[in-house]
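Colleague: According to my numbering, the sequence shown is numbered sequentially starting from 72.
Yeah, the Cβ is synthetic: ideal placement off N, Cα and C, and Gly gets one too.
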Amino acid sequence: MKAVQSINDPWRRKLAIASVITQVFEDNDKQPPVVVGGWVVATYSFGQYVTEDIDMISPYNEFPYQVLKALGYKRYGKDSFNKELNSYVEFPSGDLSGEKVSRSV
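1. Please report the straight-line C-alpha distance between K26 and Q94, rounded to a whole angstrom.
2. Quick check on D162: does DSSP put it in helix, strand or coil?
3. Give me, in chain order, the residues of the same chain whose beta-carbon lies closer than 7 angstroms to that of G143; leave out the 5 immediate sequence neighbours on both sides.
4. Can you give me the C-alpha to C-alpha distance between T122 and I128, rounded to a whole angstrom?
5. Using a 10 Å radius around the Cβ and a threshold of 16 neighbouring Cβ atoms, would you call P163 buried or exposed?
6. Starting from the C-beta of D124, find all residues in its chain whose C-beta is less than 6 angstroms away, skip the five residues before and the five after it, and write them out in chain order.
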């Protein structure tokens, strides 16, 4: 995550953070999270739309928070914050539209 700190552009920094989170899921043979919410619009508009957090959906209940903790985030309910990166990540409850999988640990 140290390399992420050197990225000045907020959109590119969030892209790098989401990539690192996804890589940790894949490295642990877990289904990767899906980016949702305002950050999808920010990505689609190449940073022209601004949002403060990264929203991701995962079929796992606790694993996302274990990943975030390992990456230096502190949990506040469903939100997690990394002070060094000035980064908020949220794993909102709920499923992707049409998803028919059960959540697990």
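Modeller: In short:
1. The structure shown does not extend to residue 26, since the chain is modelled only from 72 to 176, so the question has no answer here.
2. Start at 1 with the first residue of the sequence shown, and residue 162 comes out as number 91. One detail in the question is off: residue 162 reads as Phe in this sequence, not Asp. Coil at F162, not helix or strand.
3. The count along the sequence shown starts at 1 and reaches residue 143 at position 72. M72, N153, E155, listed in sequence order.
4. Counting from 1 along the sequence shown, the entry for residue 122 is found at position 51. Counting from 1 along the sequence shown, the entry for residue 128 is found at position 57. Our two residues, T122 and I128, have alpha carbons roughly 17 angstroms apart in a direct line.
5. Residue numbering aside, residue 163 sits at position 92 when the sequence shown is read from its first letter. Counting every other CB atom within 10 Å of its CB across the protein chains shown gives P163 a total below 16, marking it as exposed.
6. Against the sequence shown, residue 124 aligns to sequence position 53. The beta carbon of D124 is closer than 6 angstroms to those of Y159, E161 in its chain, skipping five residues each way along the sequence.
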